[in-house]
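Presented below is the structure to which this report refers.
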Amino acid sequence: AAGVIQSPRHLIKEKRETATLKCYPIPRHDTVYWYQQGPGQDPQFLISFYEKMQSDKGSIPDRFSAQQFSDYHSELNMSSLELGDSALYFCASSFKLEETQYFGPGTRLLVL
Amino acid sequence: KQEVTQIPAALSVPEGENLVLNCSFTDSAIYNLQWFRQDPGKGLTSLLLIQSSQREQTSGRLNASLDKSSGRSTLYIAASQPGDSATYLCAPGDSGNTPLVFGKGTRLSVIA
Numbered sequence: 001a002a003g004v005i006q007s008p009r010h011l012i013k014e015k016r017e018t019a020t021l022k023c024y025p026i027p028r029h030d031t032v033y034w035y036q037q038g039p040g041q042d043p044q045f046l047i048s049f050y051e052k053m054q055s056d057k058g059s060i061p062d063r064f065s066a067q068q069f070s071d072y073h074s075e076l077n078m079s080s081l082e083l084g085d086s087a088l089y090f091c092a093s094s095f096k097l098e099e100t101q102y103f104g105p106g107t108r109l110l111v112l
Numbered sequence: 001k002q003e004v005t006q007i008p009a010a011l012s013v014p015e016g017e018n019l020v021l022n023c024s025f026t027d028s029a030i031y032n033l034q035w036f037r038q039d040p041g042k043g044l045t046s047l048l049l050i051q052s053s054q055r056e057q058t059s060g061r062l063n064a065s066l067d068k069s070s071g072r073s074t075l076y077i078a079a080s081q082p083g084d085s086a087t088y089l090c091a092p093g094d095s096g097n098t099p100l101v102f103g104k105g106t107r108l109s110v111i112a
């Protein structure tokens with residue numbers, strides 16, 4: 001069965017650079033969520049989209065932005081990267097009528 | 001704001017033991033609760049989802065129960081195996097398709 005796809009899987013950036021993470025939800029899923037998991041931490045919700053509109057917003061820094069496109073894939077744009085942004089970034093998708101969130105493998109971002 | 005606590009934080013057991021992982025949450029007005037498994041540096045795998053109207057869900061050797069009024073859920077693992085070694089996270093959802101709030105997880109080690 002198709003799963004959530006995230007790219008890239010690993011990313012190394014310098015401080016103050018920008019990064020773009022991509023998420024391709026499971027086919028027919030209409031909701032995408034972004035979570036950040038720091039080292040040794042539990043995942044923290046950043047932002048979500050339903051039918052291409054932002055639906056919930058969590059602890060997402062102003063330096064980050066995200067959107068969901070017409071094909072339902074989503075991109076998380078991160079600017080002015082800081083050392084503390086180093087983390088695993090998960091994307092999850094769900095279908096409104098089924099509720100279970102399915103997580104992608106994550107993108108590991110390292111900011112040097 | 002929902003707060004989730006998981007006890008114990010870490011657990012080491014010999015192979016074959018039955019074990020119980022505990023999850024408590026402060027806001028009992030939840031819509032559902034998911035249990036996830038996470039292997040080191042990997043993504044989150046959904047194990048079970050319990051609707052607020054349900055008392056328990058079973059999948060193979062896993063059984064999750066939910067006592068919504070007392071704000072508690074337990075994950076029971078029967079006949080544990082070394083392959084069960086991972087971190088187990090619980091995450092209540094406030095309503096369908098809303099962001100999940102995670103506990104810090106229980107790190108399980110099953111010794112052969």
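Going line by line, the protein sequences match chains A and B.
Residue 77 in my numbering is what sits at position 77 of the first sequence, and the numbering runs on without skipping anything.
Residue 23 in my numbering is what sits at position 23 of the second sequence, and the numbering runs on without skipping anything.
Cβ atoms here follow ideal geometry from the backbone N, Cα and C, with glycine treated the same way.
Below-7 angstroms beta-carbon distance, residue i vs any chain A residue
{"i": "P99 of chain B", "result": "yes"}
{"i": "G43 of chain B", "result": "yes"}
{"i": "L11 of chain B", "result": "no"}
{"i": "F102 of chain B", "result": "yes"}
{"i": "L48 of chain B", "result": "no"}
Of the residues the options, the one placed nearest residue i, counting alpha carbons only
{"i": "N63 of chain B", "options": "B:P8, B:I77, B:A9, B:D94", "result": "B:I77"}
{"i": "V101 of chain B", "options": "A:S94, A:E51, A:D42", "result": "A:D42"}
{"i": "S109 of chain B", "options": "B:K42, B:K68, B:Q57, B:P82", "result": "B:P82"}
{"i": "L47 of chain B", "options": "B:S53, B:Q57, B:G41", "result": "B:Q57"}
{"i": "I7 of chain B", "options": "B:A112, B:D27, B:G105", "result": "B:G105"}
For residue j and residue i, believed in contact at Cβ under 8 angstroms, the rounded distance
{"i": "F25 of chain B", "j": "Q2 of chain B", "result": "6 angstroms"}
{"i": "V4 of chain B", "j": "G103 of chain B", "result": "4 angstroms"}
Closer than 7 angstroms to chain B by CB, residue i
{"i": "P61 of chain A", "result": "no"}
{"i": "P27 of chain A", "result": "no"}
Residue i (DSSP reduced to helix, strand or coil)
{"i": "G60 of chain B", "result": "coil"}
{"i": "L109 of chain A", "result": "strand"}
{"i": "G38 of chain A", "result": "coil"}
{"i": "L19 of chain B", "result": "strand"}
Three or more beta-carbon pairs under 8 angstroms between the segment 39-49 of chain A and the segment 58-75 of chain A, yes or no? Yes, since at least three Cβ pairs between the segment 39-49 of chain A and the segment 58-75 of chain A fall closer than 8 angstroms, the two stretches touch.
Within the chosen definition, does the segment 72-91 of chain B reach the segment 27-41 of chain B through at least 3 CB pairs nearer than 8 angstroms? Result yes; three or more Cβ-Cβ pairs closer than 8 angstroms.
Is there contact between the segment 87-96 of chain A and the segment 65-77 of chain B, where contact requires at least three CB pairs shorter than 8 angstroms? Output reads no: the segment 65-77 of chain B does not touch the segment 87-96 of chain A.
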